[in-house]
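Number of protein chains: 2
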Amino acid sequence: MASEPPTAAVVIIGNEVLSGRTPDANLQFLAQRLALRGIRLREARIVRDVEEDIIAAVDALRRHCDYVFTTGGIGPTHDDITAAAIARVFGVALHRSEEAARRLRLHYGDAGLNPARLRMADVPEGAALLDNPVSAAPGFRVGNVFVLPGVPMIMRAMFEALEGQLRAGPPIASRQVSAFTTESGIAGPLREVQDRHPTVEIGSYPFLRGGRFGVSLVARGEDADAVAAAARAIAAMLAQAGIEPIVDDADAAG
Amino acid sequence: MASEPPTAAVVIIGNEVLSGRTPDANLQFLAQRLALRGIRLREARIVRDVEEDIIAAVDALRRHCDYVFTTGGIGPTHDDITAAAIARVFGVALHRSEEAARRLRLHYGDAGLNPARLRMADVPEGAALLDNPVSAAPGFRVGNVFVLPGVPMIMRAMFEALEGQLRAGPPIASRQVSAFTTESGIAGPLREVQDRHPTVEIGSYPFLRGGRFGVSLVARGEDADAVAAAARAIAAMLAQAGIEPIVDDADAAG
Numbered sequence: 001m002a003s004e005p006p007t008a009a010v011v012i013i014g015n016e017v018l019s020g021r022t023p024d025a026n027l028q029f030l031a032q033r034l035a036l037r038g039i040r041l042r043e044a045r046i047v048r049d050v051e052e053d054i055i056a057a058v059d060a061l062r063r064h065c066d067y068v069f070t071t072g073g074i075g076p077t078h079d080d081i082t083a084a085a086i087a088r089v090f091g092v093a094l095h096r097s098e099e100a101a102r103r104l105r106l107h108y109g110d111a112g113l114n115p116a117r118l119r120m121a122d123v124p125e126g127a128a129l130l131d132n133p134v135s136a137a138p139g140f141r142v143g144n145v146f147v148l149p150g151v152p153m154i155m156r157a158m159f160e161a162l163e164g165q166l167r168a169g170p171p172i173a174s175r176q177v178s179a180f181t182t183e184s185g186i187a188g189p190l191r192e193v194q195d196r197h198p199t200v201e202i203g204s205y206p207f208l209r210g211g212r213f214g215v216s217l218v219a220r221g222e223d224a225d226a227v228a229a230a231a232r233a234i235a236a237m238l239a240q241a242g243i244e245p246i247v248d249d250a251d252a253a254g
Numbered sequence: 255m256a257s258e259p260p261t262a263a264v265v266i267i268g269n270e271v272l273s274g275r276t277p278d279a280n281l282q283f284l285a286q287r288l289a290l291r292g293i294r295l296r297e298a299r300i301v302r303d304v305e306e307d308i309i310a311a312v313d314a315l316r317r318h319c320d321y322v323f324t325t326g327g328i329g330p331t332h333d334d335i336t337a338a339a340i341a342r343v344f345g346v347a348l349h350r351s352e353e354a355a356r357r358l359r360l361h362y363g364d365a366g367l368n369p370a371r372l373r374m375a376d377v378p379e380g381a382a383l384l385d386n387p388v389s390a391a392p393g394f395r396v397g398n399v400f401v402l403p404g405v406p407m408i409m410r411a412m413f414e415a416l417e418g419q420l421r422a423g424p425p426i427a428s429r430q431v432s433a434f435t436t437e438s439g440i441a442g443p444l445r446e447v448q449d450r451h452p453t454v455e456i457g458s459y460p461f462l463r464g465g466r467f468g469v470s471l472v473a474r475g476e477d478a479d480a481v482a483a484a485a486r487a488i489a490a491m492l493a494q495a496g497i498e499p500i501v502d503d504a505d506a507a508g
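Chains as they are written, first to last, in this note's numbering: chain C, 1 to 254; chain Z, 255 to 508.
This is the structure:
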């Protein structure tokens, strides 16, 4: 029997996203990269820089998903509290990783390794370091929880260095058909297409493009042939309703 | 005694965000508008179009926050299941709102009011309708949960029509000082500034701009004078370290 596809959750740690100051810039990257590996992203949470909130989110999600990825809060400043929170999730102490300290010393030099920088070597006991190809300060993994930085460029480089550790799942095939029409005009026949293709998940996403409303209909599933058949059925349904599909569909996704 | 500031949570419902297909386009708007009203956004969750997942997120958050806002899943297609999920959260039935049906009939005309469109008039018993100034189909409110559409333009118009219902809180004052420096170079003195200004929350946000690393230091709090004093202390701390602040600070926020 094939094993179940692996699942994941993301926890974005940052007051600045919840205050509206900064748009999150990490979720879509992680969502896309996990999808490419056939890992199902089940949920994402955005929480404050508050230890109890981080603990509650990570602890709930790590029990339900194969992998949890956190972003943010592992820098050198006083508001970086993710490492302490993750230690508490696993009931272990924070300790100074000699290997992390060695990497920081290489990067900053002996004279530059001030106490704030050394703080980035404090990780939960039992953590495995994650390589930081950009700026030396490592992320870390405890159990099924991967703790990544919030700066997108560094987070991405670290993810690319770690993704080989992740169990891959069957890829999800996806086909999209878009048209300038309304959801409510096609909802009835679309439901019939969904009912006839139960192994495929059909999503309907309205968009506004150049002042015109349209709909992107997306078929997704593990069976690429079934997905292709569902996409053909969607196109036939539109044709029968006298609705032209948008040929250049790639940027109708907005 | 002043009452506690109101709190809020956001639940974004949409497979398309978790699959990486579409970036969320609603959270930052809600975060900013809630902040303007002095409402503290505590958490956001992004969940699948799965009834159990929607129920779990909304039910957990409505107990901890004064307001919960959901976006997505209230259109006419088969994958729009938010109304049914919210009904289950509150243990009530879905029923056809005559007022919602009337609004849809006005918009689409008798002939245009097909079953899919009428489905958008099905709301939980006891729900209060939320005006949709753009496309007639209403959102709704049950208890402290506001159910909004996912299309950003419509969600925004609906939020603007409802926000007068929300209890306002004391505004949060915010001051930002940025510089091309590293977090780890200033983390020590920054912590001292934080310790001397305990009523102000100081956040440190690294950024990359034109290939140079920098840091935005943000002081936030209810007491505008205290926030201003903390910002002056941050500027003085940078000056003492020989670090020039960025004068045109507005777009250093990236």
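All C-beta atoms in this analysis are idealised placements derived from N, C-alpha and C, irrespective of residue type, glycine included.
Quick caveat, the model's predicted, so the values are computed rather than measured.
To the nearest whole angstrom, what separates the beta carbons of A133(C) and A157(C), a pair I think is in contact under 8 Å? By 1-based counting over the first sequence, the position of residue 133(C) is 133. By 1-based counting over the first sequence, the position of residue 157(C) is 157. In the sequence as displayed, the identity of residue 133(C) is Pro instead of Ala. Right, their Cβ atoms sit about 5 Å apart.
Contained beta strand (DSSP E) runs [length at least 3] in the region 270-340 of chain Z, N- to C-terminal order: 294-301 and 321-325
Beta strand (DSSP E) containing Q176(C): first to last residue? Locating residue 176(C) in the first sequence gives position 176, counting from the first residue. Element bounds for Q176(C): A173 to A179.
Terminal residues of the alpha helix (DSSP H) in which I440(Z) lies: Mapped onto the second sequence, residue 440(Z) falls at position 186. Its alpha helix (DSSP H) spans residues E437 to R450.
At least one CB of chain C closer than 8 Å to the CB of V399(Z): is that the case? Here the question's residue 399(Z) lines up with position 145 in the second sequence. No, because no Cβ of chain C sits closer than 8 Å to the Cβ of V399(Z).
Check the Cβ-Cβ distances between G20(C) and every residue of chain Z, and say whether any is below 8 Å. Counting from 1 along the first sequence, the entry for residue 20(C) is found at position 20. When Cβ-Cβ separations below 8 Å define contact, G20(C) makes contact with chain Z.
Keeping to the same chain, check which residues put their C-beta closer than 6 Å to that of A233(C); ignore five residues upstream and five downstream. Position 233 of the first sequence, counted from the start, is the residue given in the question as residue 233(C). Correct list, in chain order: V193.
Please name the residue in P378(Z), S389(Z) and L383(Z) whose C-alpha comes closest to that of R371(Z). To locate residue 371(Z), count along the second sequence from 1; it is residue 117. The option with the nearest alpha carbon to R371(Z) is S389(Z).
Secondary structure of S97(C), DSSP reduced to three states: As a first step, residue 97(C) is located in the first sequence; it is residue number 97 there, counting from the start. Coil, per DSSP.
Secondary structure of R105(C), DSSP reduced to three states: Within the first sequence, residue 105(C) is the residue found at index 105, counting from 1. The answer is helix: DSSP assigns R105(C) an H, G or I state.
Is there contact between the region 427-434 of chain Z and the region 55-63 of chain C, where contact requires at least three CB pairs shorter than 8 Å? no
Could you name the residues of chain C that N368(Z) contacts, counting a contact when the two beta carbons are closer than 9 Å? As a working note, residue 368(Z) is residue 114 in the second sequence. Correct list: S184, G185, A187 and G188.
With DSSP collapsed to three states, give me the class of A136(C). Counted from its first residue, the first sequence places residue 136(C) at position 136. Note: A136(C) maps to coil in three-state DSSP.
Are any of the Cβ atoms in chain C nearer than 8 Å to that of G457(Z)? The count along the second sequence starts at 1 and reaches residue 457(Z) at position 203. Chain C contact via Cβ: present.
Thinking just about the alpha-carbon of each residue, which of V123(C), F213(C) and V17(C) is nearest to the one in G75(C)? As a first step, residue 75(C) is located in the first sequence; it is residue number 75 there, counting from the start. The candidate whose alpha carbon is nearest that of G75(C) is V123(C).
Contacting residues, own chain, Cβ-Cβ under 6 Å from A219(C) (five flanking each side not counted): Sequence index remark: in the first sequence, residue 219(C) carries index 219 (1-based). Cβ neighbours of A219(C) beyond the five flanking positions: R175, V200, I202, V227, A230 and A231.
Please state whether DSSP places A111(C) in a helix, a strand or coil. Here residue 111(C) corresponds to residue number 111 of the first sequence, with the count starting at 1. The DSSP-derived three-state label of A111(C) is helix.
Per-residue burial, D449(Z) [other beta carbons within 10 Å of its own, 16 or more giving buried]: Counting from one through the second sequence, the residue named residue 449(Z) turns up at place 195. D449(Z) should be labelled exposed.
Please report the distance separating the alpha-carbon of F281(C) from that of G274(Z). A query on residue 281(C) cannot be resolved here, the shown segment of chain C reaching from 1 to 254 and no further.
State the beta-bridge partners of T261(Z) as determined by DSSP. Numbered from 1 along the second sequence, position 7 holds the residue referred to as residue 261(Z). For T261(Z), which the question treats as bridged, DSSP gives the partners R294(Z).
Applying the criterion that 16 or more other CB atoms from any shown protein chain within 10 Å of the CB defines a buried residue, is E16(C) buried or exposed? As a working mapping, residue 16(C) is identified with position 16 in the first sequence. Buried: at least 16 other Cβ atoms inside 10 Å.
Under 8 Å from the C-beta of E258(Z): neighbouring residues of chain B: Any reference to chain B falls outside this structure, whose protein chains are C and Z.
Using alpha carbons as the reference points, say which of A121(C), R40(C) and R48(C) lies closest to V301(Z). The sequence position of residue 301(Z) within the second sequence is 47, counting from 1. The option with the nearest alpha carbon to V301(Z) is R40(C).
Within a Cβ cutoff of 6 Å, which residues of the same chain sit near L217(C), ignoring the five residues on either side of it in sequence? Within the first sequence, residue 217(C) is the residue found at index 217, counting from 1. Result list for L217(C): V177, S204 and I234, in chain order.
Applying the 10 Å Cβ sphere with the 16-neighbour rule, what's the burial state of E437(Z)? The residue given as residue 437(Z) occupies position 183 in the second sequence. Buried, by the Cβ-count rule.
I'd like the list of long-range same chain contacts for A128(C), defined as Cβ closer than 7 Å, with 5 residues on each side in sequence excluded. In the first sequence, the residue the question calls residue 128(C) occupies position 128. F140 and R141.
Do L104(C) and A137(C) come within 8 Å of each other at the CB atom, strictly closer than that value? The residue you call residue 137(C) lines up with position 137 of the first sequence. The residue you call residue 104(C) lines up with position 104 of the first sequence. Yes, the pair counts as a contact, with Cβ atoms nearer than the cut-off.
Of the residues N368(Z), L444(Z), F400(Z) and I408(Z), the one placed nearest G188(C), counting alpha carbons only: On the first sequence, residue 188(C) is found 188 positions in, with the first residue counted as 1. The shortest Cα separation from G188(C) among N368(Z), L444(Z), F400(Z) and I408(Z) belongs to N368(Z).
In this structure, what does DSSP give as the bridge partners for P124(C)? Taking the first residue of the first sequence as position 1, residue 124(C) is located at position 124. Note: P124(C) sits in a beta bridge opposite L94(C).
Buried or exposed, going by whether 16 or more other CB atoms sit within 10 Å of the CB of R42(C)? Against the first sequence, residue 42(C) aligns to sequence position 42. It is buried - the Cβ of R42(C) has at least 16 other Cβ atoms within 10 Å.
Decide if D479(Z) is buried, meaning its Cβ has at least 16 other Cβ atoms within 10 Å, or exposed. Here residue 479(Z) refers to the residue found at position 225 when the second sequence is read from its first residue. So D479(Z) counts as exposed.
Just to make sure I have the definition right: I need the residues of chain Z whose C-beta is within less than 8 Å of the C-beta of L41(C). Which are they? The residue labelled residue 41(C) in the question sits at position 41 within the first sequence. Here the neighbours are L272, S273 and G274.
Check whether the Cβ atoms of L94(C) and A87(C) sit closer than 8 Å, and answer yes or no. By one-based count along the first sequence, residue 94(C) stands at place 94. By one-based count along the first sequence, residue 87(C) stands at place 87. Contact flag set, yes.
Sort A9(C), G214(C), L162(C) and L106(C) by Cα distance to A31(C) and report the nearest one. Residue 31(C) sits at position 31 when you count from the first residue of the first sequence. Among A9(C), G214(C), L162(C) and L106(C), the Cα nearest to that of A31(C) is on A9(C).
Of all Cβ atoms in chain Z, is any one closer than 8 Å to the Cβ of V218(C)? Mapped onto the first sequence, residue 218(C) falls at position 218. The beta carbon of V218(C) sits closer than 8 Å to some beta carbon of chain Z.
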